[in-house]
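Those sequence lines, one after another, are chains A and B.
Quick note, the first sequence lines up with residues 582 to 721 if you use this note's numbering.
Quick note, the second sequence lines up with residues 32 to 424 if you use this note's numbering.
A short write-up of the structure that comes next.
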Amino acid sequence: MTTKRVPVAANLFAETPEGPRLLGSKCTTCGTPYFPKSPVCHNPDCRESNVVEATFGPRGTLWSCAMQDYPPPAPARYDEPYVPYAMGVVDLTEGLRVLGRLSTDDPKSVQVGTSVELVLDTLCHDKDGNEVITWKFRPV
Amino acid sequence: MRDVAVIGLGMHPWGKFADKSVTRLCRDAVEAALKDAGVAWREIQAVAAASSRFSGGRGWGLNGNDVVEEMGSTGIPVYNLSAGCAAGGNAFNIGYTLVASGMHDMVLVVGGEKMPKGFIQTSGVQEETDPEYLRQLCVGMPGPAFWAVMCRRRMAEYGTTEEQLAKIAVKAHKNSVHNPYARFRKEFTLEEVLGSPLVSYPLRLYEICPVSDGAAATIICSADEARKRTAKPVWIAASTVATARFDDGIPRGLASAVPPDGKAYHSEAAAAVRGAFEKAGIGPDGIDLVELQDNTVYYELSFPEEWGLCKPGEAESLLERGETLPTGRLPINPSGGFLSFGEATTAQGLFQVCELGWQLRGEAGGRQVPNAKVGLAQTLGLGGNGTAVILKR
Chain A
582 MTTKRVPVAA NLFAETPEGP RLLGSKCTTC GTPYFPKSPV CHNPDCRESN VVEATFGPRG
642 TLWSCAMQDY PPPAPARYDE PYVPYAMGVV DLTEGLRVLG RLSTDDPKSV QVGTSVELVL
702 DTLCHDKDGN EVITWKFRPV
Chain B
32 MRDVAVIGLG MHPWGKFADK SVTRLCRDAV EAALKDAGVA WREIQAVAAA SSRFSGGRGW
92 GLNGNDVVEE MGSTGIPVYN LSAGCAAGGN AFNIGYTLVA SGMHDMVLVV GGEKMPKGFI
152 QTSGVQEETD PEYLRQLCVG MPGPAFWAVM CRRRMAEYGT TEEQLAKIAV KAHKNSVHNP
212 YARFRKEFTL EEVLGSPLVS YPLRLYEICP VSDGAAATII CSADEARKRT AKPVWIAAST
272 VATARFDDGI PRGLASAVPP DGKAYHSEAA AAVRGAFEKA GIGPDGIDLV ELQDNTVYYE
332 LSFPEEWGLC KPGEAESLLE RGETLPTGRL PINPSGGFLS FGEATTAQGL FQVCELGWQL
392 RGEAGGRQVP NAKVGLAQTL GLGGNGTAVI LKR
């Protein structure tokens, strides 16, 4: 049996010819970025909603981070036995502030302000042994 | 707008009450508030109630209707207000408005909650169009992890230490010993707090609030009614409600736009509190005590600064100098706060009003803020809801 890589949710990220990217949208009038995609602009100061598809990543700065020291409640997913993971808030160069797990073997040592890059990495495995993929940020 | 007084305060103690319905918890709180006010149930002209997602309300958030039936249906108007964890503060604002506008003279505001076990699941929706759902599914970032991220940012900006975070929990429990309504009435040492399990580094189990059952009620009325019934009414100097700003930098779902200054703050809480200062004509310097929403010790450092009660980066030194104790310059959560009560989500805004009321009447016993004249209370709820109340005597 061969295992597959399956995304944890549809239409949020993709491996593009340029590398991994988040799939969102952006208002061409006011520049506001949206992730996930928003069909309309929600900026109250924007004079005309004009939203087009946009991709975000891979470069950003870690705004802050924390550990998930206990197994999170559903719908969060993880492999047994549970291993605590790090997650953070990342300011991408495109002006998007986005949440994501950190991809690192040493989560406690990651510092606020670190440069990070977007990766598509294993979240957990499903019952058929397939790798469930999500976006993460790797310190560079 | 007319002057509005708070003349009745009533609470059911916070805890876990498996054998008691949320409506019974509310009844106990309402009866205590009516007795405190010297008002009969028949005299209540309208009810503003916090709507619960977790208990009572027949699945429609009709918690006010439950309370009215429990007390005896008199045909009065009932308003059920939903604002996540800010629902108690939201209901208080509607009750205040009903009296201030002249529509009613005697109003009950009530909130009760029985919480399910474990950490609160923020979203009630399980579908991929809901950003909260996606956040848990794709990242796995429950409430405490969100607080931890905010806290870690502060540690990086201001050098806040784990010991300082723990000291806030020690202070909260020191106050709780004197509060008969608190669920956890036990002092903890710094070592015990620092020795409690990490929930989401840098936050530990004793540095975040658990969930509880509880209920609180207030009777509010016009100045004429207040003077008839009490020699020392407590006045509502301001009651405000606000929602979040688009540009506050808080990633509420999966993402937000990076604001120009790169910061993040709870704009709904700041707008409610600053709006209350303005409406009351009382600035941060005029506040004698604060009851703020300490879901986590972090908020006790960030909120006072975001509201102008102290300078940015000053909160840790106020704590270290004991200025946030009931005897200090800026007493914060003399009740023991959410850390000592646990969060009975929709009742919290009203437990805060009760505490302010007791403090201003000088009835707070061992946790009394000496000569307290003006108190501020604040809540924060899902959906970007914020509320504030300023009471004065």
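For each residue, glycine too, the CB sits at the ideal point set by N, CA and C.
*Can a CB atom of chain B be found closer than 8 Å to the CB of A:C646?*
Taking the first residue of the first sequence as 1, we reach residue 646 of chain A at position 65. Chain B contact via Cβ: present.
*Any idea what DSSP makes of B:C57, helix, strand or coil?*
Start at 1 with the first residue of the second sequence, and residue 57 of chain B comes out as number 26. Of the three classes helix, strand and coil, the one that applies to B:C57 here is helix, per DSSP.
*Buried or exposed for B:W91, please, with buried defined as at least 16 other CB atoms from any protein chain shown within 10 angstroms of its CB.*
For the purposes of this step, residue 91 of chain B is identified with residue 60 of the second sequence, where counting begins at 1. Counting Cβ neighbours within 10 Å, B:W91 comes out exposed, since fewer than 16 surround it.
*In terms of alpha-carbon separation, which member of A:Y666, A:C611, A:L680 lies closest to A:G641?*
Here residue 641 of chain A corresponds to residue number 60 of the first sequence, with the count starting at 1. In terms of Cα proximity to A:G641, the closest of A:Y666, A:C611, A:L680 is A:L680.
*Counting contacts by CB-CB distance shorter than 8 Å, is B:C116 in contact with chain A?*
Within the second sequence, residue 116 of chain B is the residue found at index 85, counting from 1. At a cut-off of 8 Å between beta-carbon atoms, B:C116 makes no contact with chain A.
*Let me know the beta strand (DSSP E) ranges lying completely inside the stretch 78 to 111 of chain B, each 3 residues or longer, listed in chain order.*
Counting only runs of at least 3 residues, the stretch 78 to 111 of chain B fully encloses no beta strand (DSSP E) element at all.
_Interface flag, B:F277 vs chain A, CB-CB below 8 Å_ = Reading the second sequence from its first residue, position 246 is the one you call residue 277 of chain B. Any Cβ of chain A closer than 8 Å to the Cβ of B:F277 would place that residue at the interface, and such an atom is present.
*asked:* So that I know if they touch, is there some Cβ in chain B lying closer than 8 Å to that of A:N631?
replied: For the purposes of this step, residue 631 of chain A is identified with residue 50 of the first sequence, where counting begins at 1. Output row for A:N631: interface = no.
*For B:V201, which residues from the same chain have a beta carbon less than 8 Å from its beta carbon, with the 5 sequence-adjacent residues on both sides left out?*
As a first step, residue 201 of chain B must be located in the second sequence, where it is residue number 170. Closer than 8 Å at the Cβ level, and outside the excluded window around B:V201, lie E218, F219, T220, L221, V224.
*Can you give me, in chain order, the residues of the stretch 285 to 304 of chain B that have a beta carbon less than 9 Å from any beta carbon in chain A?*
Answer set for the stretch 285 to 304 of chain B: L285, A286, S287, A288, V289, P290, G293, A295.
*asked:* Distance check for B:M186 and B:T192, CA to CA, integer angstroms please.
replied: Taking the second sequence and counting its residues from 1, one reaches residue 192 of chain B at position 161. Taking the second sequence and counting its residues from 1, one reaches residue 186 of chain B at position 155. Cα to Cα, the separation comes out at about 7 Å.
*Quick one: residues in its chain with C-beta nearer than 6 Å to the C-beta of B:V138, no 5 flanking neighbours on either side, listed in chain order?*
Locating residue 138 of chain B in the second sequence gives position 107, counting from the first residue. Contacts found: A77, G126, L129, V130, I251.
*What did DSSP end up calling B:S287 once you bin it into helix, strand or coil?*
Sequence index remark: in the second sequence, residue 287 of chain B carries index 256 (1-based). Looking at B:S287 - three-state DSSP - the assignment turns out to be strand.
*Test: A:L604 CB closer than 8 Å to a CB of chain B*: In the first sequence, counting from the first residue as 1, residue 604 of chain A sits at position 23. No, A:L604 lies away from the interface with chain B (no Cβ there is under 8 Å from its Cβ).
*Can you give the Cα-Cα distance for B:G393 and B:L387, rounded to whole angstroms?*
Start at 1 with the first residue of the second sequence, and residue 393 of chain B comes out as number 362. Start at 1 with the first residue of the second sequence, and residue 387 of chain B comes out as number 356. A straight line joining the alpha-carbon of B:G393 with that of B:L387 spans about 10 Å.
*Looking only at its own chain, which residues have a Cβ that is under 6 Å from the Cβ of A:E634, when we skip the five neighbours before and after it?*
Taking the first sequence and counting its residues from 1, one reaches residue 634 of chain A at position 53. Closer than 6 Å at the Cβ level, and outside the excluded window around A:E634, lie S606.
*With a Cβ-Cβ cutoff of 8 Å, do A:G676 and B:A288 count as a contact?*
Counting from 1 along the first sequence, the entry for residue 676 of chain A is found at position 95. Counting from 1 along the second sequence, the entry for residue 288 of chain B is found at position 257. Yes.
*Closest Cβ-Cβ distance between B:Y329 and chain A: below 8 Å?*
Mapped onto the second sequence, residue 329 of chain B falls at position 298. No - not a single Cβ of chain A is within 8 Å of the one on B:Y329.
_Going by C-alpha to C-alpha distance, which of A:V721, A:C705, A:D709, A:E629 sits closest to A:V589?_
Position 8 of the first sequence, counted from the start, is the residue given in the question as residue 589 of chain A. Distance from the Cα of A:V589 is smallest, within the candidate group A:V721, A:C705, A:D709, A:E629, for A:C705.
_On a Cα-Cα basis, can you pick out the residue from B:D34, B:A117, B:E163 that is closest to B:L285?_
Locating residue 285 of chain B in the second sequence gives position 254, counting from the first residue. When each option's Cα is compared against that of B:L285, the closest is B:E163.
*Straight-line Cα distance separating A:Y666 from B:W178*: Working through the second sequence from its first residue, we reach residue 178 of chain B at position 147. Working through the first sequence from its first residue, we reach residue 666 of chain A at position 85. If you take the alpha carbons of B:W178 and A:Y666, they lie about 16 Å apart.
*Could you tell me which of B:V35, B:A408, B:C182, B:I267 sits nearest to B:Y232, measuring between CA atoms?*
As a working mapping, residue 232 of chain B is identified with position 201 in the second sequence. For the residues B:V35, B:A408, B:C182, B:I267, the minimum Cα distance to B:Y232 belongs to B:C182.
*Of the listed residues A:T674, A:T715, A:S630, A:P688, nearest to B:P291 (C-alpha basis)*: Translated into the one-based positions of the second sequence, residue 291 of chain B becomes position 260. Cα-wise, what sits closest to B:P291 is A:T674.
_Looking at chain C, is there any beta carbon in it that lies within less than 8 Å of the beta carbon of B:R184?_
No chain C is present in this structure, whose protein chains are A and B.
*Within 8 Å of chain B by C-beta, residues of the stretch 685 to 704 of chain A in sequence order*: When C-beta distances to chain B are compared with 8 Å, the residues of the stretch 685 to 704 of chain A below that value are K689, Q692, V693, G694, L704, in chain order.
*asked:* Restricting to Cα atoms, I'd like to know which of B:V405, B:Q409, B:G367 is closest to B:R305.
replied: The residue you call residue 305 of chain B lines up with position 274 of the second sequence. Looking at the Cα atoms, B:Q409 is the closest of the given residues.
*Say whether chain A places a C-beta atom closer than 8 Å to the C-beta of B:M146.*
For the purposes of this step, residue 146 of chain B is taken as the residue at position 115 of the second sequence. No, because no Cβ of chain A sits closer than 8 Å to the Cβ of B:M146.
*Taking 8 Å as the cut-off, decide whether the C-beta atoms of B:L411 and B:V321 are in contact.*
Numbered from its first residue, the second sequence carries residue 411 of chain B at position 380. Numbered from its first residue, the second sequence carries residue 321 of chain B at position 290. Taking C-beta atoms as the reference points, B:L411 and B:V321 fail to come closer than 8 Å.
*Kindly say whether A:H706, judged by its beta-carbon, lies nearer than 8 Å to any beta-carbon of chain B.*
Walking along the first sequence from the start, residue 706 of chain A turns up at place 125. So no, A:H706 is outside the interface.
*asked:* So B:P173 contacts chain A; which residues on that side make the cut at Cβ distance below 8 Å?
replied: Position 142 of the second sequence, counted from the start, is the residue given in the question as residue 173 of chain B. Chain A residues near B:P173: Q649, P653, P654, A657.
_Within 8 Å of any Cβ in chain B, is that where the Cβ of A:F718 sits?_
Indexing the first sequence from 1 puts residue 718 of chain A at position 137. No, because no Cβ of chain B sits closer than 8 Å to the Cβ of A:F718.
*Does the beta-carbon of A:G710 have 16 or more other beta-carbons within 10 angstroms, so that it is buried, or is it exposed?*
Sequence index remark: in the first sequence, residue 710 of chain A carries index 129 (1-based). The residue in question, A:G710, is exposed, as its Cβ has fewer than 16 Cβ neighbours within 10 Å.
*Taking the alpha-carbon positions, what's the B:K342 to A:L643 distance?*
Counted from its first residue, the second sequence places residue 342 of chain B at position 311. Counted from its first residue, the first sequence places residue 643 of chain A at position 62. B:K342 and A:L643: Cα-Cα distance of roughly 26 Å.
*Flag this pair as touching only if the stretch 99 to 116 of chain B and the stretch 69 to 83 of chain B have three or more C-beta atom pairs under 8 Å; answer yes or no.*
As far as the Cβ criterion goes, the stretch 99 to 116 of chain B touches the stretch 69 to 83 of chain B, which means the pair count is three or higher.
*Classify A:I714 as helix, strand or coil using the three-state DSSP reduction.*
The residue given as residue 714 of chain A occupies position 133 in the first sequence. Strand.
*Taking Cβ positions, are A:L683 and A:F718 nearer each other than 8 Å?*
Reading the first sequence from its first residue, position 102 is the one you call residue 683 of chain A. Reading the first sequence from its first residue, position 137 is the one you call residue 718 of chain A. A:L683 places its beta carbon less than 8 Å from that of A:F718.
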